[in-house]
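Below: the structure, in structure tokens.
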Ligand code: ATP
Ligand code: MG
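Residue numbers (our numbering): 9 to 575.
Below you can see the structure in the form of structure tokens.
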């Protein structure tokens, strides 16, 4: 490609809202162009990168025997009503009506549609397993579209859906997908981890996220310093916390704790380590048809993990409760404890089960209990609620956990029979009995990956593409386009390498050299060949983008050297 013909409108300035390097460089480099909040178009070079990523995903998916299909973006709302998600999927679900008032949604994910595709068509276990996938547009009306392609409203996902006769077969496919995703992200040259995850609105049990380790990631991931354990903070487990400080021995008694409303106040006053105290976190749980105040109890030294809390109470959302609302249901803010608590629904963190010698609110203004034992609560009250912190111990090996940032690029789920049951999709098993399908679903953020490649590899000047995803492998820069010798030499190298099927850009624009080299650094192709004044003495320069190091080579040897580098 000749740069003079390429549509790559590069600019010096990034949009004001572009805070991340990938967003800045993709716009400045003319890879993408924004048309609205969270809506982007791919320009020629962005499209090349996008297609390369897509090709890797497709190749690896096809190798597993999964079959590519294409489902529409517009989906009848009726299917979403059948699965029950029409009412529970929040505002992210874009709902619309046609001229006859029929309701539709713009597909944010396609479980419902794919179930409809196989329903009443796959009738026997003999036709299973089956895996269908697509690489298409999704729409999610994200609350805060940001970071360019990382969190758009319209984006491209590879989404695959598998159907099985039993759980064992579903688990086998899940393992195959874990292996396949590992191959995909390895081929893309990314540093990633497969982590245990929360299943979110998709539902089901058992899910893993693929996280690319990157400073600017939105997700906190917990990683063990010693073994393979890694999890999203929303699902992370730890070995139960211990305290080396001795427990305060006391019989159950009520203590006056005037105006002591925080854990610190109470623990200082009673000379107790916060490990031996119970903290109450009050939230308003939002359900489809109601809202109610719910209390979550964790150790005083722990924090509530909100996604775990949400899962425990089965609400759609948890929001902060106003003091007025808290008092209205009869809670005494600052003095709330689980003993004798009857006015609201409450949950207790697992790790407090059978704990002794604790301090907690007495549900009476200015009073706390000491010497509390946690024996008399129903099993349903207990849930995993606390947030894992750096320095906690690994549940697998006991060694220290640390926290790092990641960007989610893939997510695989074991859905079980959830969708098939809800939508009445069954097959006849070996005994001739109708059974709902077991399903798995598997997503890759294809357009997000375009940005992830840059988050994972850039410097202050711009992108640093690797060979797997670079729009062009080499930029041949003619330093002075008025110099016929430079032009002739550059064009002959260009023609030769192009005929050998290398992806080459020839910067033949009548611009200053400084301008062109700045563009090269911004666009970030793996190598540049600089054809300048030194050609007269028989030399040219090869630049490696990653290090910006230059080597001088004899003009007759440049081709051999380049073939070596580009191979
Ligand atoms: P996130 O937690 O980042 O919002 P998610 O868990 O809602 O993502 P999934 O439903 O698991 O997303 O979708 C599969 C993949 O699609 C994700 O792993 C991610 O790479 C990609 N993806 C999801 N939402 C977006 C978005 N708004 N913009 C770009 N890619 C996205
Ligand atoms: Mg996800």
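Glycine residues also receive a C-beta, built at the ideal position from the N, C-alpha and C atoms.
Residue i Cβ short of 7 Å to the ligand MG heavy atom set
{"i": "residue 119", "result": "no"}
{"i": "residue 577", "result": "Limits of the chain in this structure are 9 at one end and 575 at the other, which puts residue 577 out of reach."}
{"i": "residue 100", "result": "no"}
{"i": "residue 242", "result": "no"}
{"i": "residue 311", "result": "no"}
{"i": "residue 217", "result": "yes"}
Coarse secondary structure for residue i, derived from DSSP in three states
{"i": "residue 69", "result": "helix"}
{"i": "residue 435", "result": "strand"}
{"i": "residue 507", "result": "helix"}
{"i": "residue 186", "result": "helix"}
{"i": "residue 41", "result": "strand"}
{"i": "residue 361", "result": "coil"}
{"i": "residue 408", "result": "strand"}
{"i": "residue 31", "result": "helix"}
{"i": "residue 52", "result": "helix"}
{"i": "residue 178", "result": "helix"}
{"i": "residue 465", "result": "coil"}
{"i": "residue 455", "result": "helix"}
{"i": "residue 414", "result": "strand"}
{"i": "residue 290", "result": "strand"}
{"i": "residue 10", "result": "strand"}
{"i": "residue 378", "result": "strand"}
{"i": "residue 390", "result": "strand"}
{"i": "residue 494", "result": "helix"}
Check: residue i C-beta below 7 Å from any heavy atom of the ligand ATP
{"i": "residue 455", "result": "yes"}
{"i": "residue 201", "result": "no"}
{"i": "residue 44", "result": "no"}
{"i": "residue 139", "result": "no"}
{"i": "residue 159", "result": "yes"}
{"i": "residue 417", "result": "yes"}
{"i": "residue 451", "result": "yes"}
{"i": "residue 549", "result": "no"}
{"i": "residue 163", "result": "yes"}
{"i": "residue 68", "result": "no"}
{"i": "residue 150", "result": "yes"}
For residue j and residue i, the rounded distance between their alpha carbons
{"i": "residue 301", "j": "residue 329", "result": "7 Å"}
{"i": "residue 362", "j": "residue 407", "result": "25 Å"}
{"i": "residue 228", "j": "residue 295", "result": "27 Å"}
{"i": "residue 487", "j": "residue 23", "result": "30 Å"}
{"i": "residue 410", "j": "residue 214", "result": "23 Å"}
{"i": "residue 83", "j": "residue 108", "result": "15 Å"}
Pick from the options that is closest to residue i, judged by C-alpha positions
{"i": "residue 453", "options": "305, 47, 418 and 443", "result": "418"}
{"i": "residue 396", "options": "232, 175, 348 and 153", "result": "232"}
{"i": "residue 400", "options": "311, 516, 51 and 294", "result": "311"}
{"i": "residue 484", "options": "490, 503, 475 and 477", "result": "503"}
{"i": "residue 47", "options": "111, 82, 150 and 90", "result": "150"}
{"i": "residue 89", "options": "112, 230 and 78", "result": "112"}
{"i": "residue 439", "options": "41, 132 and 13", "result": "132"}
{"i": "residue 309", "options": "303, 322, 336 and 274", "result": "274"}
{"i": "residue 58", "options": "497, 164 and 117", "result": "164"}
Using 8 Å as the Cβ pair cut-off and three pairs as the minimum, do the stretch 372 to 392 and the stretch 179 to 195 touch?
no
Would you call the stretch 74 to 85 in contact with the stretch 130 to 150, where contact means no fewer than 3 C-beta pairs closer than 8 Å?
yes
Whether or not the stretch 462 to 482 and the stretch 524 to 542 are in contact is what I'm after, with contact meaning three or more pairs of Cβ atoms, one per stretch, closer than 8 Å; do they touch?
The stretch 524 to 542 is in contact with the stretch 462 to 482.
Take every Cβ of the stretch 17 to 37, pair it with every Cβ of the stretch 533 to 545, and state whether three or more of those distances are shorter than 8 Å.
Fewer than three beta-carbon pairs drawn from the stretch 17 to 37 and the stretch 533 to 545 are found closer than 8 Å, and the two stretches are therefore not classed as touching.
Pair every Cβ in the stretch 343 to 357 with every Cβ in the stretch 381 to 394, then say whether three or more of these pairs are closer than 8 Å.
yes
Indicate whether the contact test is met: 3 or more Cβ pairs, each with one atom in the stretch 48 to 67 and one in the stretch 91 to 105, closer than 8 Å.
The stretch 48 to 67 vs the stretch 91 to 105: no contact.
Pair every Cβ in the stretch 341 to 350 with every Cβ in the stretch 262 to 278, then say whether three or more of these pairs are closer than 8 Å.
Touching, yes.
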